[in-house]
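K.L.:
Structure below; questions to follow.
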Amino acid sequence: MTQLKMSFRDKGDKGDKGDKEDRDTPEKIYIYSLLITHYSLLITHYSLLITHYSLLRIAPFKVCHGTTIT
Numbered sequence: 001m002t003q004l005k006m007s008f009r010d011k012g013d014k015g016d017k018g019d020k021e022d023r024d025t026p027e028k029i030y031i032y033s034l035l036i037t038h039y040s041l042l043i044t045h046y047s048l049l050i051t052h053y054s055l056l057r058i059a060p061f062k063v064c065h066g067t068t069i070t
């Protein structure tokens, strides 16, 4: 079974060399997934900040002596 897979890969790699450079390598896929994760975490972070500050404006919390922070 392993020999069949290797021979199939060898036949597929005999294409044009220009196409070979455009293919997604595992390293590129890994970097793309890291970028997607990074940007999704940034979006989550900013949405949590917006939620936090909007909640503070709706119901500001009280500090020790009854003063409020706005």
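So for the sequence shown, my numbering puts the first residue at 1; every next one is plus one. Glycine included, each C-beta is placed from N, C-alpha and C at the ideal position.
(1) What's the gap between the Cα of L42 and the Cα of I58?
(2) Note down the Cα distance separating S54 from Y39, rounded to an integer number of angstroms.
(3) Indicate the three-state DSSP secondary structure (helix, strand or coil) for M1 in the structure shown.
P.N.:
Short version:
(1) Counted from its first residue, the sequence shown places residue 42 at position 42. Counted from its first residue, the sequence shown places residue 58 at position 58. Each residue's Cα considered, the two are about 24 Å apart.
(2) Within the sequence shown, residue 54 is the residue found at index 54, counting from 1. Within the sequence shown, residue 39 is the residue found at index 39, counting from 1. Straight-line Cα distance between these residues: approximately 23 Å.
(3) Locating residue 1 in the sequence shown gives position 1, where the first residue counts as 1. Its pLDDT being 47, under 50, M1 is placed unreliably in this model, and the coordinates cannot settle the point.
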